[in-house]
Amino acid sequence: MFWELGPVVRGLRRRTGTFALVLLEVASGFTTLTALILAGTWYRQFNSVPVGFDHRPLIAVSVQSPAPEDPARAAADAEARSQQTLSRLRAIPHVEAVAPVPAVMMDPRENYPIRLHAQTGSGPSTAPGWTFDSHPALAQVLQLRTREGRFPAETTDPQLTSAVVLTHCLRERLFPEGAPAIGRTVLAEDAAPARVVAVVENVVLGDPWNMQSNCQAIRFRSPATERDARFMVRASPGQQEQVLAAVRLVMGESSPARLVTVQPFDPADAHRARMARGLVLTLAVFGAIVAIIALVGTFTVSSFLVRDRIRTIAIRRALGGTPRHIVRFFLVENSVVVLGGIGVGLIVTWGLYLLMRGLYPGVQLGWRPLLFTGLLLWLDATIAAWLPARRAARANPARLQPA
Amino acid sequence: MLLYQLRLAIFGLRRQAGYALAILVVLALAGGMWTFGVCRYLRHHGRYPDLSPTLHQVELAHLETPTITRIQGNTHTTATWATHTRVSFPEYRQLAGSGIPARETGTYRSRLLVASPRGDAAPELVPSRFVNADFFSMFELPLGSGRAFTRSEEAAGAAVVVLGQRLHRRLFGTDRLEPATVVILEGRRFRVLGVIEGDQPVRPAWDIASMDSNQDAAYLPFGWSTRLLARPMTLVPQSPVGDRFDHLLDSDTLFVSFWVDLPTDEQRRAYARRLQERFGAEGRPYLLRSYPEWRQAFAPPHTRVAFLSSLSALLLLVAGFSVARLLLAKGISRRGELGVHRALGATQRALFAGQMLEAGLLSLTAALAGILVALPYIALFNHAVADIDIPVRLTGQTFLLGTGVCFVMGLVAALYPSWRASKTPPALYMERR
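Protein chains in written order, with this note's numbering: chain A, 1 to 403; chain B, 404 to 836.
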């Protein structure tokens, strides 16, 4: 292939404008496609973010009803209703555990992170995290794996309200370098000081798009409000459908003044997860359009470049060149320009990646997207060049002579 | 003369239909994506409306929410904005009721149960906003039909509501308000006084921290918030709070957005004195911002939306290079014809103009065809992504921007090829022939 480079370079010099435009087009196309792939990969991670628990046996129950006319009794009434619902749900056959949960579970837009503080041997520490109000039964509902200490048992211990369970992420941030956590006090912006009683494996109970979503502080306060209550029910293995039907029966139908929602809990159904899937699809369509533009433009110009050098092709054929030589010449020429464009594109892409890091936390520019984009563009251009070159190379050399 | 040139240009394009089609396809595809990018960008980053410059908001010093200092996109932004634009309920009480401003409104959002009075469907939980009567005139919300509630209705605690257009359409199948329309809100009958026209901005000036959420579906008098025990949708905690609703109202949790209208200098000075007495004297920093100052302070940040929209601009650039390449090839393939034109006396300028006219025709057609690409992509985005219930939409402004820039890109891409084509020497072709 090397002995083609001389004619190729000469050919490039004769059509500098055209090939410069090819180079720029490939470079900007490379940058666009790579950015789309990086963004799409970033969104795609939220389709399958490991939430840290098996959601399949879980059923989400929520009840919305107006506040009572007497606001003074509203809180007590709400607590009584919540306890009653809890008892009724627990009484359903094949229900393993039920825990009240807050509205923010997997709904990202109604919660902001808060600051937590702790005192370690080496000084104070602060970390952002999320508060999750629930119940000791949460451990059984979500099958939380305890790393340190003991998850509170379901008791009426008044000390429960001053206890907190941290996920491993938050534990490492508040008590780094192996500092002891159990028994230590944690201060939070939205809750009274609490004593760490256990550390569990990371779970995502909040916005998966937030890089701090693993860092949870589980508190034991009633998450129900005067107007709404939510529960997570864990069914026995293989009994989710049965339990679902039973829960719907127990909870009753909605009415104009009461909204009851009972459905299997699936993190993939969360709003952010659906948005992420939609964005991946739209970005894929965008990428396809980029590839089509590259193909159409390259094919048309390649056809022209072949036709424009019909005389050259005729002479080469007349001097003994085979169709293979002709095709190879055009493919080499095309590849040189495309590789040049990819080279320029790599530099621009690196700059764009630095910009993306601020907007897409954790995004990584690995070799795979670069290789894929480069191969795609090269293949695009090669096919677009190969077809007209092949056609011209197979024609009768005598007929290739210009009139 | 122009008509003759146009006919020549069309004739030239028809003779090289392959090139013309390729240019059309390339520029239309890129133009369509560019138009979508513009639509989406302006949905998020459009200008704040030109409201009265006498509107003011007070910023009090609060604890910032803990977000990573680099921009993380919208969650970071709304959290920060909430800290700077919202106040607690006790602070709201101190800011309101002075009698100084000509108009004032506090506002916050909650989820409320709403159902049709026919009772033929399950209720739905919708984001609803509690506002004072002056809210509608202060923020110039367009009423498609009916009216807003008055101060006297608010003071009397009347069960009245203004509905958003989408909710009214869902409940009653129409945008027009019929007389004596009633809706069941939180189990109570509320009289519907008016229906807001159209969709609200994605970044509503009255409460920018609610950006990127579904729009307000209903507007109720502020006093109903305490009667309904309506907890705010988003809170910024400053310290631990008890579990009762009244604990929340007594706490320093931030959730109320408060605005005043101070049309005269005297009112501004009087209100500033009040702020000094209530907050300054306690050593609490405060800032009274006018609406124009507020607009500058809370300009939309760079977001992922802006980045993705900029990729569509990059695609238009890719198309520009491709179009330039195609036009160059087209011009070279017409050397013979152009050489004859030169030989017959056509000037370089005439050739240049002719080539530019052809490119202009193609660009215009492609720019308009790009709308046919943009519309289905917009529909796909609204359906598949459905981030909020304010859809990405093609408006007059986005149509002009989308097609205009695409058209200009086509012309710019044609400059070099047209110049090259105009340099075709006549002698060469005369000699050959």
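All C-beta atoms in this analysis are idealised placements derived from N, C-alpha and C, irrespective of residue type, glycine included.
Chain B contact residues for residue i, given Cβ-Cβ distances below 8 Å
{"i": "Met356(A)", "result": "Phe710"}
{"i": "Met275(A)", "result": "Val788, Ala789, Asp790"}
{"i": "Pro66(A)", "result": "Leu516, Glu589, Gly590, Arg591, Leu631"}
{"i": "Arg44(A)", "result": "Near Arg44(A) there are no residues of chain B at all, since even the closest Cβ is about 14 Å away, more than 8 Å."}
{"i": "Pro136(A)", "result": "Result: empty, since nearest Cβ-Cβ is about 17 Å, beyond 8 Å."}
Within chain B, partners of residue i - CB distance below 9 Å
{"i": "Asp190(A)", "result": "Leu638, Pro640, Gln641, Ser642, Pro643, Val644, Thr656"}
Interface residues of chain B facing residue i [CB-CB closer than 7 Å]
{"i": "Ala284(A)", "result": "The premise fails here: Ala284(A) is roughly 10 Å from chain B at the closest Cβ pair, so nothing lies under 7 Å."}
{"i": "Ile37(A)", "result": "Per Cβ cutoff of 7 Å: no residues; Ile37(A) is ~11 Å from chain B at best."}
{"i": "Gly278(A)", "result": "Ala787, Val788, Ala789"}
{"i": "Leu281(A)", "result": "Ala787"}
{"i": "Arg248(A)", "result": "Under the 7 Å cutoff, chain B gives no residues; its nearest Cβ is about 13 Å from Arg248(A)."}
{"i": "Gln221(A)", "result": "Sequence inspection shows Arg at residue 221(A); the Gln mentioned does not correspond to that position. Within 7 Å Cβ-Cβ: Asp646."}
For residue i: DSSP bridge partner residues
{"i": "Thr167(A)", "result": "Val200(A)"}
{"i": "Arg591(B)", "result": "Leu588(B)"}
{"i": "Glu148(A)", "result": "Val199(A)"}
{"i": "Met436(B)", "result": "DSSP output for Met436(B) lists no bridge partner at all."}
{"i": "Gln460(B)", "result": "Trp662(B), Arg692(B)"}
{"i": "Tyr511(B)", "result": "Phe533(B)"}
{"i": "Asp133(A)", "result": "Arg219(A)"}
{"i": "Pro128(A)", "result": "Arg115(A)"}
{"i": "Val598(B)", "result": "Ser548(B), Leu566(B)"}
{"i": "Ala188(A)", "result": "Leu116(A), Ala191(A)"}
{"i": "Arg506(B)", "result": "Asp664(B)"}
{"i": "Arg234(A)", "result": "Leu58(A), Ala97(A)"}
{"i": "Glu494(B)", "result": "Answer by DSSP bridge pairing: none, since Glu494(B) is not bridged."}
{"i": "Arg489(B)", "result": "Ser660(B)"}
{"i": "Val63(A)", "result": "Ala229(A), Val260(A)"}
Neighbouring residues, chain A, relative to residue i (Cβ below 7 Å)
{"i": "Met436(B)", "result": "Phe286, Ile289"}
{"i": "Tyr647(B)", "result": "Note that residue 647(B) corresponds to Arg in the displayed sequence, not to Tyr. Simply Ala75."}
{"i": "Thr798(B)", "result": "The contacting residues do not exist; Thr798(B) stays about 20 Å from chain A at best."}
{"i": "Phe724(B)", "result": "Leu21, Leu24, Glu25, Ser28"}
{"i": "Arg728(B)", "result": "Thr18, Leu21, Val22, Glu25, Gly297, Val301"}
Under 8 Å from the C-beta of residue i: neighbouring residues of chain A
{"i": "Gly576(B)", "result": "Those within 8 Å of Gly576(B) in chain A number zero; the least Cβ separation is about 18 Å."}
{"i": "Arg573(B)", "result": "Chain A residues near Arg573(B): none, gap ~15 Å exceeds 8 Å."}
{"i": "Val429(B)", "result": "Ile293, Val296, Gly297"}
{"i": "Arg707(B)", "result": "Ala39, Leu359, Tyr360"}
Within chain A, the residues that residue i reaches when beta carbons sit closer than 9 Å
{"i": "Ala621(B)", "result": "Result: empty, since nearest Cβ-Cβ is about 15 Å, beyond 9 Å."}
{"i": "Pro526(B)", "result": "Gln64, Ser254, Ser255, Pro256, Ala257, Arg258, Leu259"}
{"i": "Arg823(B)", "result": "Gly17"}
{"i": "Ser736(B)", "result": "Phe304, Arg307, Asp308"}
{"i": "Val490(B)", "result": "In chain order: nothing, as chain A lies at least about 16 Å away."}
{"i": "Gly742(B)", "result": "Chain A residues near Gly742(B): none, gap ~15 Å exceeds 9 Å."}
Interface residues of chain D facing residue i [CB-CB closer than 7 Å]
{"i": "Arg227(A)", "result": "This model lacks chain D altogether, as its protein chains are A and B."}
Under 8 Å, with one C-beta from each stretch per pair, do the stretch 59 to 72 of chain A and the stretch 222 to 230 of chain A reach the 3-pair mark? yes
Listed from N- to C-terminal order along the chain, which residues in the stretch 2 to 32 of chain A have their beta-carbon within a distance smaller than 8 Å of any beta-carbon of chain B? Answer set for the stretch 2 to 32 of chain A: Gly17, Thr18, Leu21, Val22, Leu24, Glu25, Ser28, Gly29, Thr31, Thr32.
Could you say if the stretch 588 to 605 of chain B and the stretch 791 to 798 of chain B meet the contact criterion of at least three C-beta pairs nearer than 8 Å? yes
Answer yes if the stretch 744 to 755 of chain B comes into contact with the stretch 235 to 248 of chain A, meaning at least three C-beta pairs across the two stretches below 8 Å, and no otherwise. no
With three or more C-beta pairs closer than 8 Å as the rule, is the stretch 544 to 561 of chain B touching the stretch 516 to 526 of chain B? no
Is it a yes or a no for the stretch 726 to 736 of chain B touching the stretch 806 to 821 of chain B, going by three-plus beta-carbon pairs under 8 Å? Judged by Cβ distances under 8 Å, the stretch 726 to 736 of chain B makes contact with the stretch 806 to 821 of chain B, as three or more pairs qualify.
Residues of the stretch 156 to 174 of chain A with a CB closer than 9 Å to any CB of chain B: list them in chain order, please. Sequence-ordered contacts of the stretch 156 to 174 of chain A with chain B are nonexistent [C-beta pairs closer than 9 Å].
Entirely within the stretch 621 to 653 of chain B and at least 4 residues each: give me those alpha helix (DSSP H) ranges in chain order. 627 to 630, 648 to 653
Compile a chain-ordered list of the residues in the stretch 288 to 312 of chain A whose CB is closer than 9 Å to at least one CB of chain B. Ile289, Val290, Ile292, Ile293, Ala294, Val296, Gly297, Thr298, Phe299, Thr300, Val301, Ser303, Phe304, Leu305, Arg307, Asp308
Ignoring anything shorter than 4 residues or poking outside the stretch 749 to 836 of chain B, list the alpha helix (DSSP H) runs there in chain order. The stretch 749 to 836 of chain B contains these whole alpha helix (DSSP H) runs: 751 to 787, 799 to 825, 829 to 835.
Segment contact, 8 Å Cβ cut-off, at least three pairs: the stretch 454 to 463 of chain B with the stretch 623 to 639 of chain B: no
Below 8 Å, how does it come out for the stretch 490 to 510 of chain B and the stretch 536 to 544 of chain B: are there three or more Cβ pairs, yes or no? yes
Are there three or more Cβ pairs, one per stretch, closer than 8 Å when the stretch 566 to 580 of chain B is compared with the stretch 635 to 654 of chain B? Proximity of the stretch 566 to 580 of chain B to the stretch 635 to 654 of chain B falls short of the contact definition, fewer than three beta-carbon pairs being nearer than 8 Å.
The stretch 345 to 357 of chain A contacting the stretch 13 to 30 of chain A, beta-carbon criterion three pairs below 8 Å: As far as the Cβ criterion goes, the stretch 345 to 357 of chain A touches the stretch 13 to 30 of chain A, which means the pair count is three or higher.
To be precise: take each residue of the stretch 359 to 381 of chain A, compare its Cβ to all Cβ atoms of chain B, and keep it if any distance is under 9 Å. Which residues remain? Hits within the stretch, in order: Leu359, Tyr360, Pro361.
Across the stretch 9 to 21 of chain A and the stretch 260 to 270 of chain A, are there enough close Cβ pairs to call them in contact, namely three or more that are closer than 8 Å? no
Does the contact criterion of 3 or more C-beta pairs under 8 Å hold for the stretch 407 to 419 of chain B versus the stretch 688 to 702 of chain B? no
What runs of the beta strand (DSSP E), each 3 residues or longer, lie entirely inside the stretch 224 to 278 of chain A? 228 to 235, 259 to 264
Between the stretch 387 to 395 of chain A and the stretch 307 to 325 of chain A, can you find at least three pairs of beta-carbon atoms closer than 8 Å? yes
Does the stretch 86 to 93 of chain A come into contact with the stretch 162 to 173 of chain A, if we say contact requires no fewer than three beta-carbon pairs (one atom in each stretch) closer than 8 Å? no
Counting pairs of Cβ atoms below 8 Å between the stretch 209 to 224 of chain A and the stretch 122 to 136 of chain A, do you hit three or more? yes
Contained alpha helix (DSSP H) runs [length at least 4] in the stretch 314 to 361 of chain A, N- to C-terminal order: The alpha helix (DSSP H) runs lying completely inside the stretch 314 to 361 of chain A and spanning 4 residues or more are 323 to 359, given in chain order.
Members of the stretch 436 to 468 of chain B near chain A, C-beta cut-off 8 Å: Met436, Leu466, Thr468
Three or more C-beta pairs closer than 8 Å, one from the stretch 794 to 806 of chain B and one from the stretch 432 to 451 of chain B: is that the case here? yes
contact_flag[the stretch 32 to 47 of chain A, the stretch 362 to 377 of chain A] where n(CB pairs < 8 Å) is 3 or more: yes
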